[in-house]
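Trainee: At position 184 of the sequence shown (counting the first as 1) the number is 184 in full-length UniProt numbering, and the numbers step up by one without a gap. Note that CB positions come from ideal geometry on N, CA and C, so glycine has one too.
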Amino acid sequence: MSDNLSMLDSLPHEILTNVFVRLPIKSIVTCTAVCKTWKSLIQNPTFISSHLHHSSNNNNKHPLLLFRLCSSEEKEHYVLHFDNQDFNEYTRFDDFPFHGQSYDGIFHVVGTCNGLVFLTDNLYRYHNNFVLWNPCVRKFVKLPKPNITCFSHGGYNASVGFGFDSKTNDYKVVRFVTLGEKGQMGKSPPEVEVYSLSTGKWRMVTALPPIGAARGHDPEAFVNGALHWVALRKTGTKFLNFVMVFDLGDEVFREIALPKLSDQNGDEYWVRVSISAYGNSLALFQPGFPNHRLSIWVMKDYADASSWTKIKTLPDAFLVEGIPRSHCIPKCFRKSGEVIVELYGGYLSSRDLKTKDFKDLRIRGYANTFVDSYVESLVLLDKPNQLRKRQKRKRNNNRKGSNVGGRN
Numbered sequence: 001m002s003d004n005l006s007m008l009d010s011l012p013h014e015i016l017t018n019v020f021v022r023l024p025i026k027s028i029v030t031c032t033a034v035c036k037t038w039k040s041l042i043q044n045p046t047f048i049s050s051h052l053h054h055s056s057n058n059n060n061k062h063p064l065l066l067f068r069l070c071s072s073e074e075k076e077h078y079v080l081h082f083d084n085q086d087f088n089e090y091t092r093f094d095d096f097p098f099h100g101q102s103y104d105g106i107f108h109v110v111g112t113c114n115g116l117v118f119l120t121d122n123l124y125r126y127h128n129n130f131v132l133w134n135p136c137v138r139k140f141v142k143l144p145k146p147n148i149t150c151f152s153h154g155g156y157n158a159s160v161g162f163g164f165d166s167k168t169n170d171y172k173v174v175r176f177v178t179l180g181e182k183g184q185m186g187k188s189p190p191e192v193e194v195y196s197l198s199t200g201k202w203r204m205v206t207a208l209p210p211i212g213a214a215r216g217h218d219p220e221a222f223v224n225g226a227l228h229w230v231a232l233r234k235t236g237t238k239f240l241n242f243v244m245v246f247d248l249g250d251e252v253f254r255e256i257a258l259p260k261l262s263d264q265n266g267d268e269y270w271v272r273v274s275i276s277a278y279g280n281s282l283a284l285f286q287p288g289f290p291n292h293r294l295s296i297w298v299m300k301d302y303a304d305a306s307s308w309t310k311i312k313t314l315p316d317a318f319l320v321e322g323i324p325r326s327h328c329i330p331k332c333f334r335k336s337g338e339v340i341v342e343l344y345g346g347y348l349s350s351r352d353l354k355t356k357d358f359k360d361l362r363i364r365g366y367a368n369t370f371v372d373s374y375v376e377s378l379v380l381l382d383k384p385n386q387l388r389k390r391q392k393r394k395r396n397n398n399r400k401g402s403n404v405g406g407r408n
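#1: Given residue 299, which residues of its chain have a CB within under 6 Å of its CB, disregarding the five upstream and five downstream residues?
#2: What are the boundary residues of the alpha helix (DSSP H) that residue 19 is part of?
#3: Tell me the DSSP bridge mates of residue 231?
#4: Look at the alpha carbon of residue 133 and the alpha carbon of residue 385, and state the distance between them as a whole number of angstroms.
#5: Please report the straight-line C-alpha distance between residue 19 and residue 380, rounded to a whole angstrom.
#6: Starting from residue 153, trace the alpha helix (DSSP H) both ways and give me its first and last residue.
#7: Within 10 angstroms of the Cβ of residue 81, are there 16 or more other Cβ atoms? Answer buried if so, exposed if not.
#8: If you follow the alpha helix (DSSP H) that residue 31 is part of, which residue opens it and which one closes it?
#9: Any idea which residues DSSP pairs residue 116 with across the strands?
#10: Measuring CA to CA, which of 311, 361, 336 and 67 is closest to residue 347?
#11: Please state the DSSP three-state secondary structure of residue 207.
#12: How would you write the range of the beta strand (DSSP E) that residue 295 sits in, first residue to last?
#13: Whole angstroms is fine: what's the gap from residue 167's alpha carbon to residue 45's?
#14: Measuring alpha carbon to alpha carbon, tell me which of 278, 218 and 129 ends up nearest residue 224.
#15: Name, in chain order, the residues that DSSP records as bridge partners for residue 424.
#16: Is residue 59 helix, strand or coil by DSSP?
#17: Alpha carbon to alpha carbon, how far is residue 263 from residue 30?
#18: Contact between the region 24 to 41 and the region 59 to 67: three or more CB pairs below 8 Å?
#19: Compute the distance between the beta-carbons of residue 297 and residue 284, then report whether it is under 8 Å.
#20: Out of curiosity, what's the CA-to-CA distance linking residue 76 and residue 12?
#21: Quick one: any contact between the region 202 to 217 and the region 152 to 159, if contact means 3 or more CB pairs under 8 Å?
#22: In angstroms, rounded to a whole number, what distance separates the CA positions of residue 371 and residue 35?
#23: So, with DSSP's three-state summary, where would you put residue 350?
#24: For the region 144 to 155 against the region 81 to 99, do three or more pairs of beta-carbon atoms, one drawn from each stretch, fall closer than 8 Å, so that the two count as touching?
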């Protein structure tokens, strides 16, 4: 065994790299415990990037979807499914390390990017918990307290986004804060701060953002290196809706107009409309009132507001196991172009926009269900293992607790 290991250890790094990137993630992580040479190679940022590139290419052939489901006991469950016709389960992450640690009972999932899952606590209150978590390698990074809090600046409305800056090879969290109470939203430019994973710090952005506000828990879309939110700006007695765009590389803002229908004399439409990635462009999900139909708009040419096109209108009710289920909430697009929707009661189904057929996915969540495409990665593997530290502290605390009341 030692002779075989010595022979493998003597192989050029290029050959080892070509072997390792083709292994399952669990096997790669196991290899870090074999010898120091392998650990150093696998935890090198260059190898992590190479593995991500290989994993992304493989994901195009065998795409995955990440589901965050909540049970009736307010426990979070993360499951990967193949995004194919059979929709079979790929793996489960049963060791979610943050059960019961959110101010609201469960964390809000902002989005995923290159294997990282970005989690936040309630954005409006006194707690500001932000976590970047890679369930594949069981590592996470808890972000420090941001610069703007209710203690330092008083009441505010906040929204966040998360993505990858390819120019600096860095992951960034962007936080938009509109100071003042909710009634003041959309009347002044927000304060903006950015967290960089490479530096581990928050910093204020100097570029002037447009006047407007995005709701804290509304979806954001990371497309073409930029973050996108549906935002609101008050002009006189009207509310104007638009897409607020923040480029992660240049750290500049721009706006994209929504379809003309979005200019409403009130904010009900803005409250309900949501944005989604659609390939390398954007899509809008627009609920209809009072006929309870869901309209789907796509931007045919990215950043060209004149290319918004309504592609489909869906009914707001389906039969699931013979029972009518209404309140259709869109979650994401599949690789096939189908849309995954959540129906009343937490039932999930997949809707074919061409044939109008739908498939019951036989998956149910009780609240705050999250669905998004997912790519396995080794990102954070080179970071300190905070999870093991937490588990060690928990074991030590349990030992101390068991000694209380014991004999001297």
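Mentor: Looking at the coordinates:
#1: By 1-based counting over the sequence shown, the position of residue 299 is 299. Once the five neighbours on either side are set aside, the close Cβ partners of residue 299 are 281, 282, 307 and 308.
#2: Here the question's residue 19 lines up with position 19 in the sequence shown. 13 to 20 is the extent of the alpha helix (DSSP H) around residue 19.
#3: In the sequence shown, counting from the first residue as 1, residue 231 sits at position 231. In the DSSP output, where bridge partners are listed per residue, residue 231 has 242.
#4: Here residue 133 corresponds to residue number 133 of the sequence shown, with the count starting at 1. Here residue 385 corresponds to residue number 385 of the sequence shown, with the count starting at 1. In a straight line, the C-alpha of residue 133 is about 11 Å away from that of residue 385.
#5: Position 19 of the sequence shown holds residue 19. Position 380 of the sequence shown holds residue 380. Approximately 21 Å, taken between the alpha carbons.
#6: Walking along the sequence shown from the start, residue 153 turns up at place 153. Where residue 153 is concerned, the enclosing alpha helix (DSSP H) stretches over 150 to 153.
#7: For the purposes of this step, residue 81 is identified with residue 81 of the sequence shown, where counting begins at 1. Buried, since its Cβ has 16 or more Cβ neighbours within 10 Å.
#8: The residue labelled residue 31 in the question sits at position 31 within the sequence shown. 25 to 31 is the extent of the alpha helix (DSSP H) around residue 31.
#9: Here the question's residue 116 lines up with position 116 in the sequence shown. DSSP, once it has assigned bridges, lists 113 as partnering residue 116.
#10: Counted from its first residue, the sequence shown places residue 347 at position 347. Among 311, 361, 336 and 67, the Cα nearest to that of residue 347 belongs to 361.
#11: Within the sequence shown, numbered from 1, the residue matching residue 207 stands at position 207. Reduced to three states, the DSSP call for residue 207 is coil.
#12: Here residue 295 refers to the residue found at position 295 of the sequence shown. Residues 293 to 299.
#13: In the sequence shown, residue 167 corresponds to position 167, counting from 1. In the sequence shown, residue 45 corresponds to position 45, counting from 1. So the alpha carbons of these two residues sit roughly 15 Å apart.
#14: To locate residue 224, count along the sequence shown from 1; it is residue 224. Selected option, being the one with the closest Cα: 278.
#15: Only positions 1 to 408 of the chain appear in this structure, which leaves residue 424 out of reach.
#16: The residue you call residue 59 lines up with position 59 of the sequence shown. Here DSSP, grouped into helix, strand and coil, assigns residue 59 to helix.
#17: Sequence index remark: in the sequence shown, residue 263 carries index 263 (1-based). Sequence index remark: in the sequence shown, residue 30 carries index 30 (1-based). Reliability fails at residue 263, whose pLDDT of 46 lies under 50, so the model's placement of it is uncertain and the value that follows must be treated cautiously. Approximately 55 Å between the Cα atoms of the pair.
#18: Under the Cβ criterion (8 Å, minimum of three pairs), the region 24 to 41 does not count as touching the region 59 to 67.
#19: For the purposes of this step, residue 297 is taken as residue 297 along the sequence shown, with counting starting at 1. For the purposes of this step, residue 284 is taken as residue 284 along the sequence shown, with counting starting at 1. A contact, by the Cβ cut-off of 8 Å.
#20: Counting from one through the sequence shown, the residue named residue 76 turns up at place 76. Counting from one through the sequence shown, the residue named residue 12 turns up at place 12. Approximately 43 Å, taken between the alpha carbons.
#21: Result yes; three or more Cβ-Cβ pairs closer than 8 Å.
#22: Residue numbering aside, residue 371 sits at position 371 when the sequence shown is read from its first letter. Residue numbering aside, residue 35 sits at position 35 when the sequence shown is read from its first letter. Using only the alpha carbons, I get a separation of about 38 Å.
#23: The sequence position of residue 350 within the sequence shown is 350, counting from 1. Secondary structure at residue 350: strand, using DSSP grouped into helix, strand and coil.
#24: Result no; under three Cβ-Cβ pairs closer than 8 Å.
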